[in-house]
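A.B. asks: Numbering (our numbering), first residue to last: 32 to 589.
The C-beta atom is built at its ideal place from N, Cα and C for all residues, glycine as well.
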């Protein structure tokens, strides 16, 4: 009888409830039944009721992103960063021990009883049944036949993007429709929809594109963007319009003839134009040659400043998730990252930057409708300053720019975007995170290069205020540029970020308080929470910390 009671207690504490059984239909198992220590199937939704745990910090709620750690509350699945020995550890969160090790790892997805591992080094994607973590089995596996670019999981589908050097007509027996955007073509992208349960490729298309592709996915569309620089064409246009100012008549005519020749690319024309110009300059006396070269450089810089909107663009390809139909468009400038794109009420909003430190920066906001037609814009925002962070909140966008000072801009995104609020403080931020509708957290660096965390009150869009700032005597954190390393526990108002070989835990209300520094032997990669415990993970150990007592225990994993 005592053994039966003990078994019931173990099962209740483990939170592992059978998928086929309701909680009200709980059964007792005999002592010799193999199910006594682990019920074969567990129900994800019941897990969610039993456990409160963090999920990957994603851009779009409901659209999961691959990461090196996932949890369902009962177990932690962790694939430490390693270039040689890829493994995924399955860690029991209560007992804090390693239940199993999968000799495969890199990027993970966790969907109910299925663990997806994308191994970029072996170019494979593998689905594992983890209903019994002690006995993992492979459900399906695919070789990518290309290099991994990005992915998302939405509902029961994986949206996988890979790149290939050649034009793929067939990919895993799926005949591909092929689209060629008007961009410099360096590689081909295959975008596919894969059924998580059986690995079947439902649909796929191929796109030509460049190396600098940024990808954003909403619940209804995938967007691929390409930065298109026409600096070569800018120089050719500058010479064509101004040749007589600098060169003899015969050379001017020759240069214009080369530029107007339709048989050669802009790259080839540029090489020949510069060769002819340099040959002329080298024949001049040294002082005249230097003066002409300086005048050409200065005048071209001024020409580019005046005409920069013509020569830098971002091409956009939109893929409808229901039909896999494709639309395309472009806007001036380039995106800093995928957080500079957002879809809201069918419209795509983008924040772009043009220029460089020499010609100066121009910042812009564009609003495109569902057909990618321009319906609103705001250009020349904070001229001369570079964008460091962007985050959208419904019909508003928050932008951090920087040049000696760090302005926080609040911009309304209707048909006529306009600046609502402005706050000027020192340093710059690289990642913004809304902790509710009234408060915004920002992590970045102060003017001296040290990490700072800012807390803003944004309840009044016209007058954002800095509530508090916490500055650390540290220079680097993964959370500066990787949102997956940023943990916000809304219920307990806890912020956790890895900083070098430690995890820093903060309590956030109307101020920022440092509560705990959890030290590791290796650089900390991620921090997650399960119920009232924080788990900090590094390649050699996992530390479990109680957020009430702040006591810790360690698990060495290699």
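Return the residue from the list 166, 483 and 323 that minimises the CA-CA distance to residue 456.
C.D. replies: 483
A.B. asks: May I ask you to verify whether the region 353-361 touches the region 277-292, counting CB pairs closer than 8 Å and requiring at least 3?
C.D. replies: no
A.B. asks: Under 8 Å, do residue 554 and residue 510 count as touching if we go by C-beta distance?
C.D. replies: no
A.B. asks: With H, G and I counted as helix, E and B as strand and the rest as coil, what does DSSP make of residue 304?
C.D. replies: Helix at residue 304.
A.B. asks: Closest to residue 278 by CA distance: which of 298, 266, 307 and 291 is it?
C.D. replies: 307
A.B. asks: Terminal residues of the continuous alpha helix (DSSP H) containing residue 320?
C.D. replies: 317-342
A.B. asks: For residue 516 and residue 420, what's the separation of their Cα atoms in angstroms?
C.D. replies: Each residue's Cα considered, the two are about 16 Å apart.
A.B. asks: State the DSSP-derived secondary structure class of residue 98, mapped to helix, strand or coil.
C.D. replies: strand
A.B. asks: Pick from 111, 266 and 453: whose alpha carbon is nearest that of residue 337?
C.D. replies: Closest in C-alpha terms to residue 337, from the list 111, 266 and 453, comes 266.
A.B. asks: Please report the straight-line C-alpha distance between residue 162 and residue 370, rounded to a whole angstrom.
C.D. replies: Near 35 Å, if we compare the C-alpha coordinates of residue 370 and residue 162.
A.B. asks: Would you mind working out which of 423, 575, 210 and 237 sits nearest residue 221, comparing C-alpha positions?
C.D. replies: 237
A.B. asks: Let me know the secondary structure DSSP gives residue 385 once reduced to three states.
C.D. replies: strand
A.B. asks: Are the beta-carbon atoms of residue 252 and residue 239 separated by less than 8 Å?
C.D. replies: No, the pair does not count as a contact, with Cβ atoms beyond the cut-off.
A.B. asks: At the level of alpha carbons, what is the spacing between residue 478 and residue 432?
C.D. replies: Between the alpha carbons of residue 478 and residue 432 lies a distance of about 13 Å.
A.B. asks: Please state the DSSP three-state secondary structure of residue 237.
C.D. replies: strand
A.B. asks: Exposed or buried, what is residue 551 when buried is set at 16 or more other beta-carbons lying within 10 Å of its beta-carbon?
C.D. replies: buried
A.B. asks: For residue 492 and residue 428, I'd like the C-alpha separation in whole angstroms.
C.D. replies: 10 Å
A.B. asks: Could you tell me which of 228, 541 and 223 sits nearest to residue 160, measuring between CA atoms?
C.D. replies: Out of 228, 541 and 223, the CA that lies nearest to the CA of residue 160 is found in 228.
A.B. asks: Three-state secondary structure (DSSP) at residue 175?
C.D. replies: Three-state DSSP puts residue 175 in coil, outside helix and strand.
A.B. asks: Quick one: what does DSSP say residue 118 is sitting in, helix, strand or coil?
C.D. replies: coil
A.B. asks: Under the assumption that residue 303 contacts residue 289 (Cβ atoms under 8 Å), give the Cβ distance between them as a whole number of angstroms.
C.D. replies: 5 Å
A.B. asks: Beta carbon of residue 571, beta carbon of residue 589: below 8 Å?
C.D. replies: yes
A.B. asks: How would you call residue 480, buried or exposed, if buried means at least 16 neighbouring beta carbons within 10 angstroms?
C.D. replies: exposed
A.B. asks: Let me confirm a value: residue 298 is counted as buried when at least 16 other C-beta atoms fall within 10 Å, else exposed. Which label applies?
C.D. replies: The residue is exposed, with fewer than 16 neighbouring Cβ atoms inside 10 Å.
A.B. asks: Hey, residue 471 and residue 487 are a contact pair by Cβ (cut 8 Å); roughly how many whole angstroms apart?
C.D. replies: Confirmed, Cβ separation roughly 4 Å.
A.B. asks: Cα separation between residue 344 and residue 333?
C.D. replies: Here the alpha carbon of residue 344 sits roughly 19 Å from the alpha carbon of residue 333.
A.B. asks: Tell me which residue opens and which closes the alpha helix (DSSP H) that residue 281 is part of.
C.D. replies: Where residue 281 is concerned, the enclosing alpha helix (DSSP H) stretches over 280-291.
A.B. asks: What ranges does the beta strand (DSSP E) occupy inside the region 439-524, keeping only unbroken runs of at least 3 residues that lie completely in it?
C.D. replies: 449-456, 459-465, 470-476, 482-488, 496-502 and 518-520
A.B. asks: Which same chain residues end up closer than 7 Å to residue 543 when comparing Cβ atoms and leaving out the 5 residues on each side of it in sequence?
C.D. replies: 484, 486, 499, 501 and 537
A.B. asks: Tell me which same chain residues have a C-beta within less than 8 Å of the C-beta of residue 403, skipping the five on either side of it?
C.D. replies: 347, 349, 358, 359, 360 and 379
A.B. asks: Where residue 398 and residue 520 are concerned, what is the direct C-alpha to C-alpha distance, given to the nearest angstrom?
C.D. replies: 32 Å
A.B. asks: On the criterion of 16 or more Cβ atoms from any shown chain inside 10 Å, does residue 425 qualify as buried, or is it exposed?
C.D. replies: So residue 425 counts as exposed.
A.B. asks: Taking the straight line between their C-alpha atoms, what separation do you get for residue 82 and residue 249?
C.D. replies: 27 Å
A.B. asks: From which residue to which residue does the beta strand (DSSP E) around residue 257 run?
C.D. replies: 252-260
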